[in-house]
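Peer 1:
Residue numbers (UniProt numbering): 1 to 181.
1) In whole angstroms, what separates the C-alpha of residue 80 from that of residue 1?
2) Quick one: complete beta strand (DSSP E) runs, 3+ long, within the UniProt domain "GAD-related" (32-90)?
3) Can you tell me where the alpha helix (DSSP H) holding residue 116 begins and where it ends?
4) Please report the Cβ distance between residue 24 and residue 44, rounded to the nearest whole angstrom; I am assuming they are in contact, meaning their Cβ atoms lie under 8 angstroms.
5) Closest to residue 14 by C-alpha separation, out of 140, 126, 121, would be which residue?
6) Quick check on the burial criterion: 16 or more other C-beta atoms within 10 angstroms. Buried or exposed for residue 162?
7) Would residue 174 pass as a contact of residue 51 if the rule is Cβ separation under 9 angstroms?
8) DSSP three-state call for residue 25: helix, strand or coil?
9) Could you give the residue range of the beta strand (DSSP E) that holds residue 95?
10) Rounded C-beta distance between residue 186 and residue 117? I'm assuming under 8 angstroms.
11) In the DSSP assignment, the beta strand (DSSP E) including residue 108 goes from what residue to what residue?
12) So who's on the other strand from residue 18, going by DSSP bridges?
13) Could you tell me the alpha carbon to alpha carbon distance between residue 48 and residue 18, rounded to whole angstroms?
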């Protein structure tokens, strides 16, 4: 088994099956690193079973780097149900990004380790919004690939991770709101 295959197996073992995966179209992944092409061909774009983590189609989410004035080489890779993001760069580093605080933080030194990190429940479930997500999910509230859980007031406008009300809104519209703070 190659190192790429080992990482893909690790991802699947920890992330599980992707819910409602959308397969990439022919030629859609041209220009992306070979490992990411292999990853997306294997898993597609969709959600973790509990809906907290979403694997993004980078071609549909390229607008995010422009919206937040980020390096245009960053590849949108995943997001949480509350809109926090994970990016990869072509050189192989992984980053987490909080649109509420406009903070880009290094999280991994290779594409392989970034993919493995996103798959690990202990890593992603430490997110401060995970508990709120679980409460909403248990109550039957759902999002899809174009929506997210939004806070009102949003964090940059005086909101709080624990006490702000939550509503389901359009993912792009919510990030646009956060970008204007």
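Backbone N, C-alpha and C define an ideal beta-carbon position, used for all residues, glycine too.
A quick note: this is a predicted structure, and the numbers were derived from the prediction, not measured.
Peer 2: Reading off the structure:
1) 31 angstroms
2) 45-47, 53-55, 75-80, 85-88
3) 111-119
4) 7 angstroms
5) 121
6) exposed
7) no
8) coil
9) 94-98
10) The structure shown has nothing for residue 186, since the chain only spans 1 to 181.
11) 103-108
12) Its beta-bridge partners do not exist; DSSP assigns none.
13) 5 angstroms
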